[in-house]
Structure formats: structure tokens, C-alpha cells
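Here the structure is laid out as C-alpha cells; the discussion comes afterwards.
2 protein chains.
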Amino acid sequence: MEQVCFGIDVGGTAVKVGLFNTEGELLNKWDFATKRTGEGKDILRDAADFIKEKITELNLKKEAIAGVGVGVPGPVMDNGEVQELPNLGLGHFNIEEEMRSLTGLKVKAGNDANVAALGEYWMGGGKGYRNVVLLTLGTGVGGGIILNGSVLAGSKGAAGEVGHILVNEKEENTCGCGKKGCLEQYASATGIVRLAKRYLNDSSKASSLRNIPEISAKSVFDCAKNGDELSMEVVEKACYYLGIAMAHIAQVVDPEAFVIGGGVSKAGEILTETVKKYYNANVMDALKNKEFRLATLGNDAGIYGAAKLILA
Amino acid sequence: MEQVCFGIDVGGTAVKVGLFNTEGELLNKWDFATKRTGEGKDILRDAADFIKEKITELNLKKEAIAGVGVGVPGPVMDNGEVQELPNLGLGHFNIEEEMRSLTGLKVKAGNDANVAALGEYWMGGGKGYRNVVLLTLGTGVGGGIILNGSVLAGSKGAAGEVGHILVNEKEENTCGCGKKGCLEQYASATGIVRLAKRYLNDSSKASSLRNIPEISAKSVFDCAKNGDELSMEVVEKACYYLGIAMAHIAQVVDPEAFVIGGGVSKAGEILTETVKKYYNANVMDALKNKEFRLATLGNDAGIYGAAKLILA
Numbered sequence: 001m002e003q004v005c006f007g008i009d010v011g012g013t014a015v016k017v018g019l020f021n022t023e024g025e026l027l028n029k030w031d032f033a034t035k036r037t038g039e040g041k042d043i044l045r046d047a048a049d050f051i052k053e054k055i056t057e058l059n060l061k062k063e064a065i066a067g068v069g070v071g072v073p074g075p076v077m078d079n080g081e082v083q084e085l086p087n088l089g090l091g092h093f094n095i096e097e098e099m100r101s102l103t104g105l106k107v108k109a110g111n112d113a114n115v116a117a118l119g120e121y122w123m124g125g126g127k128g129y130r131n132v133v134l135l136t137l138g139t140g141v142g143g144g145i146i147l148n149g150s151v152l153a154g155s156k157g158a159a160g161e162v163g164h165i166l167v168n169e170k171e172e173n174t175c176g177c178g179k180k181g182c183l184e185q186y187a188s189a190t191g192i193v194r195l196a197k198r199y200l201n202d203s204s205k206a207s208s209l210r211n212i213p214e215i216s217a218k219s220v221f222d223c224a225k226n227g228d229e230l231s232m233e234v235v236e237k238a239c240y241y242l243g244i245a246m247a248h249i250a251q252v253v254d255p256e257a258f259v260i261g262g263g264v265s266k267a268g269e270i271l272t273e274t275v276k277k278y279y280n281a282n283v284m285d286a287l288k289n290k291e292f293r294l295a296t297l298g299n300d301a302g303i304y305g306a307a308k309l310i311l312a
Numbered sequence: 313m314e315q316v317c318f319g320i321d322v323g324g325t326a327v328k329v330g331l332f333n334t335e336g337e338l339l340n341k342w343d344f345a346t347k348r349t350g351e352g353k354d355i356l357r358d359a360a361d362f363i364k365e366k367i368t369e370l371n372l373k374k375e376a377i378a379g380v381g382v383g384v385p386g387p388v389m390d391n392g393e394v395q396e397l398p399n400l401g402l403g404h405f406n407i408e409e410e411m412r413s414l415t416g417l418k419v420k421a422g423n424d425a426n427v428a429a430l431g432e433y434w435m436g437g438g439k440g441y442r443n444v445v446l447l448t449l450g451t452g453v454g455g456g457i458i459l460n461g462s463v464l465a466g467s468k469g470a471a472g473e474v475g476h477i478l479v480n481e482k483e484e485n486t487c488g489c490g491k492k493g494c495l496e497q498y499a500s501a502t503g504i505v506r507l508a509k510r511y512l513n514d515s516s517k518a519s520s521l522r523n524i525p526e527i528s529a530k531s532v533f534d535c536a537k538n539g540d541e542l543s544m545e546v547v548e549k550a551c552y553y554l555g556i557a558m559a560h561i562a563q564v565v566d567p568e569a570f571v572i573g574g575g576v577s578k579a580g581e582i583l584t585e586t587v588k589k590y591y592n593a594n595v596m597d598a599l600k601n602k603e604f605r606l607a608t609l610g611n612d613a614g615i616y617g618a619a620k621l622i623l624a
């Protein structure tokens with residue numbers, strides 16, 4: 001019998017749900033608002049109810065459902081345990097057991113950044129490779145590592161936390177994680193804006209950025225593409241740190257390809273080409289010339305990867 | 313039937329051979345000089361002949377031999393292929409196939425640093441953990457990563473090449489790999505001596521190191537233990553870079569334990585304690601307080617790990 005599975009991506013504002021066939025085709029998708037009662041298990045109950053409703057609506061037979069994959073914003077151990085998901089008001093518990101008992105289906109859970117990496121590996125920018133590192137450049141910098149087709153979770157679920165790799169020992173501002181000089185402080189959307197403001201402050205150079213009331217990472221890349229010198233310096237700096245961090249990652253896991261996703265990746269080739277330059281300059285010969293791809297699934301990477309958790 | 317297996321560690325000067333039972337007990341070990349004819353396959357033929365001789369001598373039945381594991385100094389792909397082992401005069405070929413046809417036994421090959429890590433994980437300093445990173449501080453800095461009990465080889469066999477992680481963007485001297493500022497330039501035995509000479513040159517501070525005609529990494533650690541201030545500064549600097557590199561590694565793979573081996577690790581607790589301080593200062597909270605162990609198998613790590621390749 002042709003099987004289907006659900007992929008659920010639990011975010012701080014919305015829960016996304018996708019229905020897939022085993023070939024990775026997205027058959028249908030939905031979303032609903034994340035209930036912020038402070039009682040995190042409500043979110044899982046909502047998701048379970050939602051799925052049961054869809055199963056009835058679509059008249060799906062239980063034996064046609066391979067299972068439910070769930071991505072959540074925090075570290076998840078291999079057995080489905082989470083220590084804590086403060087964003088969702090969740091303490092220590094086992095997501096897989098909870099969701100299994102709510103739905104009666106096979107359940108597999110993972111960290112959202114890892115799950116997004118799995119999605120991009122399966123049907124997105126990393127398709128065709130078995131060893132892929134995804135970097136998600138959004139409000140923060142997330143990472144996910146796929147080795148031989150499986151997510152690397154790490155001993156405490158914290159593998160792939162590449163946004164907090166130290167890249168600048170001289171940084172004086174503090175990162176969200178409490179350290180100073182993390183990659184996230186330079187290569188996230190927020191980090192790029194911070195860098196741009198710093199460059200504008202420290203220099204008297206003319207720049208089209210000075211005419212923009214609210215600078216965004218997009219405006220920095222747009223101005224750089226239009227030849228604005230100061231914006232290009234900001235792009236070079238962000239990509240310099242990104243290239244160094246990716247060189248560190250390669251010295252550890254030697255992937256075939258890097259995939260860059262998140263809002264910042266909409267900048268396109270200027271991003272991958274500039275990063276590649278600094279990557280190659282800082283990695284040993286045997287690791288040069290990896291593939292640098294852009295993510296292609298956008299906000300759907302999470303539901304794709306969650307579904308793949310079940311089909312792996 | 314109780315089985316045994318051979319572990320072979322091919323080095324530049326000697327080939328070590330160990331005979332193990334499946335519980336990891338070393339039953340016997342031997343070594344012979346590496347034949348430097350420039351024709352690398354001679355080395356494998358020597359090793360095969362040596363093993364066949366021992367099999368006859370010990371009257372081992374073929375069905376009692378689980379196989380032969382081989383560690384070689386260079387990147388080895390998952391299928392046993394090596395691109396090139398310049399130290400041994402070997403070009404592109406498949407070690408496993410070659411050795412299998414020479415011995416008629418099951419063969420598995422791996423990179424020597426990875427194989428040493430597997431040995432320490434199995435029966436040495438990493439025993440009891442499933443996710444272990446070994447750093448070997450010798451003439452160079454080697455690394456091996458064990459995830460869920462298996463060696464991480466990487467897509468081109470270059471995973472765990474942590475000696476060439478960039479740790480100092482300001483370095484002016486060139487590393488053996490052609491880059492500048494690699495961990496190996498500070499934390500290998502050679503690197504520590506280099507650092508010490510630099511400190512002695514750049515400062516007029518009194519130091520017992522000044523009375524030592526030929527400074528070694530051991531003398532630097534010995535003087536530091538005796539309270540020599542300049543030696544302590546050198547140790548702090550080497551451990552600072554080591555701690556930062558290990559923080560990078562943890563942000564990528566989140567191991568349970570680090571094991572430090574190689575000649576430099578004979579310094580003991582002063583090394584692990586100083587490294588731990590800088591590691592914890594540069595890693596995110598979820599990754600703090602990993603185990604820091606010293607390797608215990610010494611030069612036998614390679615034969616242990618090679619044997620484990622067969623038993624994995």
C-alpha cells in the first residue's frame with residue numbers, strides 16, 4: 001500500500017504541518033497558530049488533534065500512515081527526550097512518547113535546525129549528497145549536519161550549533177548565548193545589520209546605506225550588488241567569518257556540500273561566492289572546493305525534514 | 313569458536329602488529345621495520361607475509377580469524393580507497409582489496425589518527441563513552457572522531473583533521489599544510505617548542521628554560537610544573553588555542569568526552585586542566601563540562617583501533 005507521513009514543524013508563532021508521500025512529494029500543507037499558554041504540552045495536543053482531524057477528513061487508513069515526524073526549537077536527544085524548550089514553555093520530557101500516546105502513530109522528533117537540514121538534504125539544495133551541512137542565516141544562525149544520510153544529533157542534542165562557534169576573540173558585545181564573538185553576531189540577519197551600523201558609525205565614507213531609514217540584511221546585500229563600497233565591506237566581513245566557521249566545520253566532519261538557507265540566503269550568488277573565497281583560503285588542501293548551494297525549500301524545509309525523520 | 317583478529321599500524325619507520333581476542337585483550341604484539349623502497353605496495357606485502365607467518369607459527373585456523381584491520385598515515389575512504397600516501401610512496405589504490413587478495417582474510421582499513429581514536433575509545437581513555445574525540449599531540453596534531461561507536465571518516469577521508477583548524481589569524485609562519493595559524497603550530501610538541509623560543513626571544517624575563525640547551529615540549533611542561541613563569545605562559549597559550557579548537561569541535565559534533573594522547577599528553581593533569589578552562593570559556597552553555605581524559609594506550613592505540621575496525 002502507498003504510504004504517507006506527516007511532517008510537523010513547531011515554531012514559536014506557528015505550527016506547520018505537511019503531508020508527504022514516501023517519494024518526498026508534498027501532497028498538502030497547513031498551519032495554525034502556536035498556542036502560547038505557557039503550558040507547552042498544549043502545543044503537542046493541538047498538533048495531535050489537528051492531525052487526527054486531517055486523517056478523518058482525508059479518510060486515511062491507519063496502515064497507510066508511516067508516522068509523524070516533529071521538529072522543535074531546541075536540543076532533542078536520540079531517544080526523543082528534550083531537556084527544556086524555554087520558548088515553548090516545555091520542561092524535561094519525551095516528545096516522541098507523548099505524541100505517540102496522543103496519536104497512536106509512530107513518532108520521531110528532532111531539533112528544528114537539524115530537521116531543516118534533513119529536509120534540504122532530502123528534497124532541497126543538498127539533494128544528491130550524503131554528507132551535507134546546512135547553515136540557516138535568519139534572526140540567528142542555526143546549523144544542521146547530515147552524515148551518511150542521517151542527522152547528527154550529538155551526545156546532548158547540541159551538535160551543529162555552529163552559530164555559536166567563536167570567530168572573533170576581540171568582540172566586545174555579548175551574543176544571545178552569553179559568549180562574545182560568535183558567528184551569529186556577524187552572519188545572521190541581525191548580525192549583518194549590526195555590522196553595517198558599526199561600519200557606518202566608524203567611517204565617514206559615503207554610502208547609499210546612509211539614505212535607508214531602517215537598514216536590513218537585504219538592503220546591505222542590495223546596496224553591495226549596486227556597487228556600494230561600504231556595503232561590500234560589510235558583506236566581505238560577514239562572509240569572512242562565515243567562511244572561517246565553515247572551514248572549522250569541514251576540518252571536523254569533511255562534508256560534500258554546504259547549503260545556505262534562511263532569509264539572508266535570498267542574497268543569492270554574491271553570498272555563496274564570497275563565502276567560498278574565504279572558506280578555501282582557510283581550509284587545508286584536501287578539503288578545498290566543496291559544493292556551496294543555496295537552500296531551495298524556504299520555510300517548508302522543516303516539514304520536509306520532519307517527514308524524512310520517519311522515512312529514514 | 314573463540315575468534316581472534318589482527319590489528320596493523322603502518323607507520324613511516326615501523327609496522328606494528330597486534331593479535332587480539334574479541335574482548336579487546338592484546339594477546340601478542342610484534343613490529344618490523346617499514347621497507348622504504350619507494351614502492352609502497354611492498355609494505356603491504358611485507359605485512360601480509362608477516363601475518364601469514366604468525367598464523368602458521370601459532371597454528372591459527374582460518375575460521376578462528378575474524379580479519380585484519382589496517383591503519384595507514386593518510387586519508388582512507390569508507391570503501392578502503394586511498395588517494396595517495398606520499399610518506400609511503402603509495403599512489404591511488406584500494407588497500408582493503410589489495411590486502412584481502414594477499415591474505416584471503418576480511419580486511420578493513422582506516423586513517424591512522426582515526427584508528428588510534430577508535431583504539432582509545434574501545435580499550436583506552438575513552439572507554440565507556442560512545443562519542444569521543446581524540447586529539448593526538450605529537451610531532452603534529454592529529455585527530456579522530458568516534459560517533460556512536462564508529463569512526464567518522466568524512467566524504468574524502470579528511471574528517472577529524474583538527475590539527476589544521478585555524479586558531480590564529482595573525483600568525484606569520486607557515487604550517488606544514490601551507491596555511492598559517494593552524495592549531496598544530498601551537499599545540500604539537502614542535503609547536504610548543506616554537507612558542508617557547510618565541511617567548512624567550514620576545515621577553516627578557518628570567519626563566520629556567522634559558523638554561524636548557526635543547527628545549528622540548530616536556531621541558532616546557534616540567535618547568536611550568538616547577539613554577540617557572542614564562543613556561544607557564546607558554547603552556548597557557550598552547551592550551552588556550554587547544555581549548556578554542558576543542559570548543560569549535562564540540563559546537564560541530566557535541567561529543568561526550570575528549571581524549572588527549574601523543575607525547576605531549578605525558579604532561580598529564582596540567583594539560584587537561586588548563587585546556588578545560590579555555591574550552592569552557594569558549595563553548596556555549598549546553599556544551600560545557602565535557603569529560604577530559606588522557607589517552608592510556610600510548611603507541612599501541614593504533615593496533616587496538618585497527619583490530620576494532622574488524623570487530624565493529
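Order-wise, the sequence lines are chains A and B.
For the first sequence, the numbering used here begins at 1 and goes up steadily by one.
For the second sequence, the numbering used here begins at 313 and goes up steadily by one.
For every residue, glycine included, the Cβ atom is placed at its ideal position computed from N, Cα and C.
Bear in mind the structure is a predicted one, so any value in this text is a computation, not a measurement.
At a Cβ-Cβ threshold of 7 Å, residue 287/A and residue 245/A do not count as neighbours. Annotation: Cβ neighbours of residue 251/A in chain B (cutoff 7 Å, chain order): 473, 474, 476, 477.
For residue 513/B, there is no enclosing beta strand (DSSP E); the enclosing alpha helix (DSSP H) has its first and last residue at 501 to 514. Cβ-Cβ distances below 7 Å link residue 569/B to 438, 441, 444, 602, 603, 605 in the same chain, with the five nearest sequence neighbours on each side left out; the list follows chain order. Of all residues in the region 251 to 276 of chain A, only 251, 252, 253, 254, 255, 256 come within less than 8 Å of chain B when Cβ atoms are compared, listed by chain position. Residue contact check for residue 500/B against chain A: no CB pair falls below 7 Å.
Those residues of the region 138 to 153 of chain A placed with their C-beta closer than 9 Å to a C-beta in chain B are 143, 145, 147, 148, 152, 153, ordered along the chain. Here residue 414/B has 360 as same chain residues with Cβ atoms under 6 Å from its own Cβ, once five neighbours each way along the sequence are excluded. In the displayed model, residue 270/A falls within a helix according to three-state DSSP. Contact of residue 307/A with chain B is not assigned, every C-beta pair being separated by 7 Å or more.
Between the alpha carbons of residue 44/A and residue 304/A lies a gap of roughly 19 Å. DSSP places residue 109/A within a strand segment (E or B) once states are collapsed to three.
Between the region 377 to 391 of chain B and the region 459 to 472 of chain B there are three or more inter-stretch CB-CB distances shorter than 8 Å, so the stretches are counted as touching. Residue state for residue 412/B is assigned as helix, using DSSP reduced to three classes. Residue pairing for residue 326/B: DSSP places it in a beta bridge opposite 345/B. According to DSSP, residue pairing for residue 357/B in a beta bridge does not occur. At least one CB of chain B lies nearer than 7 Å to the CB of residue 177/A. DSSP links residue 293/A through a beta bridge to 259/A.
Proximity of chain A to residue 341/B at the Cβ level (cut-off 7 Å) is not reached, the minimal Cβ distance being about 31 Å. Contact annotation: residue 243/A and residue 279/A have beta-carbon atoms nearer than 7 Å.
Of all alpha-carbon atoms in 144/A, 297/A, 195/A, 137/A, the one lying nearest the alpha-carbon of residue 168/A is that of 195/A. Pairing residue 314/B with residue 578/B, the inter-Cα distance amounts to about 36 Å. Only those residues of the region 70 to 97 of chain A whose C-beta falls short of 9 Å from the nearest C-beta of chain B are listed: 75, 78, 83. Within chain A, not a single residue places a beta-carbon under 8 Å from that of residue 413/B; the smallest gap is close to 27 Å. For residue 182/A, the pairing in a beta bridge is given by DSSP as 166/A. In chain order, 188, 189, 190 place their CB closer than 7 Å to the CB of residue 139/A, counting only its own chain and leaving out the 5 sequence neighbours on each side. If the five residues before and after residue 275/A are omitted, its C-beta is found closer than 6 Å to the C-beta atoms of 239, 242, 243, all from its own chain and listed in chain order.
From the beta-carbon of residue 173/A, no residue of chain B is found nearer than 8 Å; the closest lies around 16 Å away. Neighbours of residue 287/A across chain B, judged by C-beta separation under 9 Å: 466, 468, 470, 473, 476. Here residue 421/B is actually not in contact with residue 458/B; their C-beta atoms are around 17 Å apart, not less than 8 Å.
Among the bridge pairs identified by DSSP, residue 150/A is matched with 147/A.
Here the C-alpha atom of residue 435/B lies approximately 9 Å from the C-alpha atom of residue 608/B. If you check the CB distance, residue 254/A and residue 471/B come in under 7 Å.
Put simply, the CB of residue 371/B is far from chain A, with every gap to its CB atoms at 7 Å or more. Within the region 424 to 451 of chain B, 443 place their CB atoms closer than 7 Å to a CB of chain A, listed in sequence order.
In summary, residue 23/A is exposed, with fewer than 16 beta-carbon neighbours lying within 10 Å of its beta-carbon over all protein chains present.
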